[in-house]
Amino acid sequence: MTKKTIFYLILVVSLSIALTGCSLFNKEKTDLGANDAAQQGGQKEAQEEIEDFQGSMQDLISKGKPVKCTYSGETESGDSFSGIIYVADKKARQDAEGNGEGKVTEIHTIVEDRLAYFWTSENPNKGFKIDITQAEEELKEFGEDFNEASEQEWQKDFSYKCSKWKVDKSKFELPSDVDFMDMSEMMNRAGNMFGEMDEELPNREIEEGDLPILPEGPEGFDMDEMKKSMCAMCDNAPDIEECKAGLGCE
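Residue numbering for the sequence shown is 6 to 255, as defined by our numbering.
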């Protein structure tokens, strides 16, 4: 696995837990008759709770309000994606669906205490977890070039509609039949290895072919299984082909 691959792993994770903009409810006015006074009063009360939101899922969690958001859109290649996000009690769950290359893939995410858990329909019994704070710091380490690329190619405007919901705590329970692999140690090893390379080769640009193959990770860590899940998540990315190319998907 190369440095570029690690970058795309983290970038896909960041994309999967991102809310680039959330417009709570549709603010269009509706003509109501005199007999609908009670309904109008209820809508007025709801309108007072409407607000525009822009930020990350973690920002939405920190607001402390139980909301349910839906979104949908198209990738640059014309493939569709959609999803629903549940937030309550400083936790969040996202159930997304991507239609890439004629195949529908379900992607599930649960966020709690700055830990994000992922699993997909492509590999339903294998998932992975990652420390969000660590992922954000690792992404910064890749430098301005990578960060500019992520902003230009990945930060897209989606249409979100959010409303209050009756909290169902079971939405935030991790599935008992999914084995979650921890990516933290793998990223630590990768960071140490590339840090050593930067010290050894400070005066020339490192080409793709110069990059070593990273260790397979901690005991019990199945890199192939993790890669399979990550590649499935590319079906929900703005540019599916570039995402899969960056991860080395088949």
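Built from N, CA and C at the ideal position, the CB exists for glycine as well.
Rounded to whole angstroms, what is the Cα-Cα separation between N130 and K70?
31 Å
Please confirm whether F123 and T114 have their CB atoms less than 8 Å apart.
Yes; because the gap between Cβ atoms is below 8 Å, this pair is in contact.
Whose C-alpha, out of P180, A250, K249, I245, is nearest the C-alpha of N104?
I245
Chain C within 8 Å of Y122, Cβ atoms only:
The displayed structure is made up of one protein chain only, and chain C is not part of it.
Can you tell me the Cα-Cα spacing of Q99 and K233, whole angstroms?
19 Å
Out of M235, I89, A101, which one is the CA nearest neighbour of N128?
M235
In the DSSP assignment, find the beta strand (DSSP E) that holds E79 and state where it starts and stops.
72-79
Range of the contiguous beta strand (DSSP E) that encloses S85
Secondary structure note for S85: its beta strand (DSSP E) is the uninterrupted segment 85-93.
Have a look at K108 and I89 and give me their C-alpha separation to the nearest angstrom.
19 Å
CB R119 to CB D94, shorter than 8 Å?
In terms of Cβ geometry, R119 and D94 do not form a close pair [threshold 8 Å].
Are there 16 or more other CB atoms within 10 angstroms of the CB of T138, so buried, or fewer, so exposed?
exposed
Around the Cβ of D173, are there at least 16 other Cβ atoms within 10 angstroms (buried) or fewer (exposed)?
Per the 10 Å Cβ criterion, exposed.
Report yes if the CB atom of K169 is closer than 8 Å to the CB atom of Y91, and no otherwise.
no
Which residues in the same chain have their Cβ closer than 6 Å to the Cβ of A237, if we skip the five residues on either side of it in sequence?
T110, T125, E127
If you count every other CB in all the chains shown that lies within 10 Å of the CB of A250, and 16 or more means buried, which is it?
exposed
Under the assumption that T75 contacts K171 (Cβ atoms under 8 Å), give the Cβ distance between them as a whole number of angstroms.
Wrong, their Cβ atoms sit about 16 Å apart, outside the cutoff.
Beta-carbon contacts of L179 that lie in its chain and below 8 Å, excluding the five residues immediately before and after:
I115, Y122, F185
For D182, count neighbouring C-beta atoms within 10 Å of its own C-beta (all shown protein chains included) and say buried if the count is 16 or more, exposed if not.
exposed
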